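Colleague: Each residue of the sequence shown is one higher than the one before, counting from 14 in the numbering used here. Quick reminder that beta carbons are idealized off the backbone N, C-alpha and C, glycines included. Treat the numbers as computed from the prediction; the structure is a model and nothing was measured. Encoded as structure tokens, here's the structure I'll be asking about.
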Amino acid sequence: MEMKRWIMMLVASMFMVATYGATTSQQLSLIPLPKSVEMGDGEFVFGKKLTVMVTPVAEELFADFSKEFSASTGLIVKYTRKSNKAQVELHCVPSMAPEAYRLKVTSSKIEICAAEPAGFYYALQTLKQLLPRNVMAGVADPTVTEWSIPCVEIEDEPRFAWRGFMLDEGRHFFGKEAVKRVIDVMAAYKMNRFHWHLSEDQGWRIEIKKYPKLTEIGAWRDSKGLGYGNVKPDTERYGGFYTQDDIREIVAYAKSRFVEIVPEIDIPGHSQAAVASYPEFLACDPQNPHEVWKWQGVSTDVINVANPKAVQFAKDVIDELTELFPFGYIHLGGDECPVVKWKQNEDCKAQLAAIGSQNFRDLQINFYRQLVDHIKQKPVEKQRKLIFWNEILYGNTSMLPNDITVMAWVGADRAAIEAAKRGMTTILSPQIPYYINRKQSPLPTEPMSQGHGTESVKAVYSYVPMKDVPEELQSKYMGVQANFWTEWVVEESVVQYLMLPRLAAVAEAGWTPQSKRNYDDFIRRLQAESKYYQMKGVNYAKHVMK
Ligand code: ACM
14 MEMKRWIMML VASMFMVATY GATTSQQLSL IPLPKSVEMG DGEFVFGKKL
64 TVMVTPVAEE LFADFSKEFS ASTGLIVKYT RKSNKAQVEL HCVPSMAPEA
114 YRLKVTSSKI EICAAEPAGF YYALQTLKQL LPRNVMAGVA DPTVTEWSIP
164 CVEIEDEPRF AWRGFMLDEG RHFFGKEAVK RVIDVMAAYK MNRFHWHLSE
214 DQGWRIEIKK YPKLTEIGAW RDSKGLGYGN VKPDTERYGG FYTQDDIREI
264 VAYAKSRFVE IVPEIDIPGH SQAAVASYPE FLACDPQNPH EVWKWQGVST
314 DVINVANPKA VQFAKDVIDE LTELFPFGYI HLGGDECPVV KWKQNEDCKA
364 QLAAIGSQNF RDLQINFYRQ LVDHIKQKPV EKQRKLIFWN EILYGNTSML
414 PNDITVMAWV GADRAAIEAA KRGMTTILSP QIPYYINRKQ SPLPTEPMSQ
464 GHGTESVKAV YSYVPMKDVP EELQSKYMGV QANFWTEWVV EESVVQYLML
514 PRLAAVAEAG WTPQSKRNYD DFIRRLQAES KYYQMKGVNY AKHVMK
């Protein structure tokens, strides 16, 4: 008897393990991992037709979703106004947070609740990840003949409001289609801020109507590759830029995927391409020749901030950016700005004395102060908040309002705390390990890339944002961002290789509660992404996949 009971218990527990194993969230491959996942029993099996009841707030985005869904599954979407006829129901619940959603799948119904389009969009991204990955890629897969998803109840919302990725197109230019593919992948991982680094010493990449030479001259250089040490510049004429129509197209493309674009014009440092375009008022030494730079590194050929025409130039550029980019933020760079030319320039020295400082960094801050004043004079809907790299903290930032944001990259954790203490908001984009242009393995096949370090997927995943930050400062932390610098990277396929799958690791840090994050589980879920990348036609680091 005792033996029989023992066997029964064993069988029961084996059954429980099997059931648990088959239905736990461990089996789903969702990235980023939602805040809460509860598995149910059974599955929802799609018929040839899917009947959907949509709430007005989600109508437009559901129409986009259903086109893609039908194209990739062959299933037909029909609309109904009657709940008892609907297999999918979208409900507006205004009390929910803007990006939050609930997704409940039973064997007879898929129910989605959210307050705003973004929430519905993220619910649908999750729904796609419950399906075979060709749906996320938006392409048909003839090998899939049956469509079903497990019964599950998901409650989800992001940890951080800012989940960003920066692409440097100043060093190398990849073009519209490449940028759209980046945005697609960001959106798949629920990332929502594309930081577009559009100017550098080595190239100016955005048409500015008032200053046509920025793209006639500044967008082109006499070397495709950039010189570095013993690697000399080649002689290939190279460049490219986005017209204002291109920009509007990409902004709209991103917006429909709930990605806002933050343009960066890096001034007054990293500006040699602009200086080469208009040396007569941007150069500290206009009498000397200036060309778009062909080398890597940080050029000393910075904008003469003491020239009123240079200040006017920056204001005019901001005016055109404001018209092109409706999002509330503009990034003005501010990193790595050598002051050697200011030290040699009489106007700069006089201006430094006039502002009562001996710190040349304050000339930079004073330049920004004038730009802030210009922006504050605009009507409210045209005002933009400014973001800077964390080097601005080396100057007297009390000249600036504290509604600016510091993007923390070098000594990021300390810099972010300092910014928050000064009352500013901050975004964590630590060079180590969030510069995902750096090598991601010691393999000899790894491409050349900027920076000497190796940031494995594990290193990227293991970074803990906002660790040990005093509670009273935590509200200043807007979120996280991965950055991609392209000194060495000429081809889109190499951008993709280095970006993927590390971008997914950063996306999860931005979305998932820290207490739920687990590297081994992430790697398990990541395995499904091979199929997504392959079907999407993007390159990725295959060594991370088992
Ligand atoms: C930077 O990496 N120079 C922001």
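Taking only runs that begin and end inside the segment 243-270, name each unbroken alpha helix (DSSP H) of 4 or more residues, in chain order.
Modeller: Segments of the alpha helix (DSSP H) lying fully in the segment 243-270: 257-268.
Colleague: Starting from E81, follow the alpha helix (DSSP H) in both directions and report where the run begins and ends.
Modeller: Run containing E81: E72 to T86, per the alpha helix (DSSP H) assignment.
Colleague: Check E394 in the structure and name its three-state DSSP category.
Modeller: Helix.
Colleague: Would L516 be called buried (16 or more neighbouring beta carbons within 10 Å of its own) or exposed?
Modeller: Per the 10 Å Cβ criterion, buried.
Colleague: Does the segment 57-71 touch the segment 85-104, meaning 3 or more C-beta pairs lie closer than 8 angstroms?
Modeller: Flag = yes, the segment 85-104 and the segment 57-71 touch.
Colleague: Let me confirm a value: T37 is counted as buried when at least 16 other C-beta atoms fall within 10 Å, else exposed. Which label applies?
Modeller: Legend: pLDDT at T37 = 48, less than 50; position of this residue unreliable, value from coordinates given subsequently. It is exposed - the Cβ of T37 has fewer than 16 other Cβ atoms within 10 Å.
Colleague: Go ahead and pull the three-state DSSP assignment for E273.
Modeller: Three-state DSSP puts E273 in a strand.
Colleague: Thinking C-alpha only, which one of G151, C297 and L180 is nearest R206?
Modeller: R206 has its Cα closest to that of L180, out of G151, C297 and L180.
Colleague: Please classify A35 as buried or exposed, where buried requires at least 16 other C-beta atoms within 10 Å of its C-beta.
Modeller: In this predicted model, A35 has a pLDDT of only 38, less than 50, meaning its place in the structure is not dependable; the value taken from the coordinates is given anyway. Exposed.
Colleague: What residue range does the alpha helix (DSSP H) around R176 cover?
Modeller: From DSSP, R176 is part of no alpha helix (DSSP H) but of the beta strand (DSSP E) over W175 to D181.
Colleague: Count the other CB atoms within 10 Å of the CB of G408; is the residue buried (16 or more) or exposed (fewer)?
Modeller: It counts as buried.
Colleague: Taking only the alpha-carbon atoms, compute the straight-line gap between Q39 and A265 and give it to the nearest angstrom.
Modeller: Below a pLDDT of 50, predicted positions are generally treated as unreliable, and Q39, at 47, falls in that range; the measurement from the model is reported next regardless. Cα to Cα, the separation comes out at about 36 angstroms.
Colleague: For T158, does the three-state DSSP call read helix, strand or coil?
Modeller: Correct three-state label for T158: coil.
Colleague: Does DSSP classify T36 as helix, strand or coil?
Modeller: In this predicted model, T36 has a pLDDT of only 40, less than 50, meaning its place in the structure is not dependable; the value taken from the coordinates is given anyway. It is helical.
Colleague: For the segment 283-303 and the segment 130-143, state whether three or more C-beta atom pairs, one from each stretch, are separated by less than 8 angstroms.
Modeller: Short answer: they don't touch.
Colleague: Compare the beta carbon distance of V330 and I278 with 8 angstroms and say whether it is the shorter of the two.
Modeller: Yes.
Colleague: Given a threshold of 16 other Cβ atoms within 10 Å of its Cβ, counted over all protein chains shown, does G550 qualify as buried or as exposed?
Modeller: With fewer than 16 Cβ atoms within 10 Å of its Cβ, G550 is classed as exposed.
Colleague: State yes or no: is the C-beta of L456 within less than 8 angstroms of the C-beta of H556?
Modeller: Yes, these two residues count as a Cβ contact at 8 angstroms.
Colleague: Pick helix, strand or coil for L441, following the three-state DSSP scheme.
Modeller: In the structure shown, L441 sits in a strand (DSSP, three-state: E or B).
Colleague: When we look at the beta-carbon of N415 and count the other beta-carbons within 10 Å, is it buried (16 or more) or exposed?
Modeller: Its Cβ having fewer than 16 others within 10 Å, N415 is exposed.
Colleague: Could you check where the alpha helix (DSSP H) with K389 kicks off and where it finishes?
Modeller: That run of the alpha helix (DSSP H) goes R374 to K389.
Colleague: Whose CA, out of T86, T158, E56 and E168, lies closest to the CA of V50?
Modeller: Of the candidates T86, T158, E56 and E168, the one whose C-alpha sits nearest the C-alpha of V50 is E168.
Colleague: Taking the alpha carbon of Q527 as the point to measure from, which residue in G177, V477 and L399 has its own alpha carbon closest?
Modeller: Checking every option, the nearest Cα to that of Q527 belongs to V477.
Colleague: Within its chain, find whatever has a CB closer than 8 angstroms to the CB of A554; leave out the 5 residues flanking it on each side and keep chain order.
Modeller: Correct list, in chain order: Q453, S454, V470, Y510, L511, L513, P514 and R515.
Colleague: Please report the residue range of the beta strand (DSSP E) in which D54 lies.
Modeller: Taken as a continuous stretch (DSSP letters only), the beta strand (DSSP E) holding D54 covers S49 to V58.
Colleague: Counting along the chain, where does the beta strand (DSSP E) carrying W524 start and finish?
Modeller: It is not in any beta strand (DSSP E) - W524 instead sits in the alpha helix (DSSP H) that spans R515 to W524.
Colleague: Helix or strand or just coil, what does DSSP make of A25?
Modeller: Because the pLDDT of A25 is 45, which lies under 50, any placement of that residue in the model is unreliable, and the number read from its coordinates should be weighed accordingly. Helix at A25.
Colleague: Within the continuous alpha helix (DSSP H) that includes G132, where are the two ends?
Modeller: Counting along the chain, the alpha helix (DSSP H) containing G132 begins and ends at P130 to L143.
Colleague: Taking 7 angstroms as the cut-off, is the beta-carbon of E213 closer than that to any non-hydrogen atom of the ligand ACM?
Modeller: Every heavy atom of the ligand ACM is 7 angstroms or more from the Cβ of E213, so no.
Colleague: Which residues share a DSSP beta bridge with Y342?
Modeller: According to DSSP, which records beta bridges pairwise, Y342 is partnered with K398.
Colleague: Shorter than 7 angstroms, the distance from the beta carbon of Q377 to the closest heavy atom of the ligand ACM, or not?
Modeller: No, the ligand ACM has no heavy atom inside 7 angstroms of this Cβ.
Colleague: Run through the DSSP bridge pairs and tell me what Y241 is partnered with.
Modeller: In the DSSP output, where bridge partners are listed per residue, Y241 has V244.
Colleague: Could you give the uninterrupted runs of the alpha helix (DSSP H) lying entirely in the segment 437-492, keeping only those of 4 residues or more?
Modeller: Counting whole runs of 4 or more residues, the segment 437-492 contains the alpha helix (DSSP H) stretches 444-447 and 470-475.
Colleague: At a cut-off of 7 angstroms, would you count W306 as near the ligand ACM, judging by its Cβ distance to the nearest heavy atom?
Modeller: No, the ligand ACM has no heavy atom inside 7 angstroms of this Cβ.
Colleague: Between the segment 191-205 and the segment 226-239, do at least 3 Cβ pairs fall closer than 8 angstroms?
Modeller: The segment 191-205 is not in contact with the segment 226-239.
Colleague: Within 8 angstroms, do at least three Cβ pairs link the segment 491-498 to the segment 435-452?
Modeller: With the cut-off at 8 angstroms, the segment 435-452 and the segment 491-498 touch.
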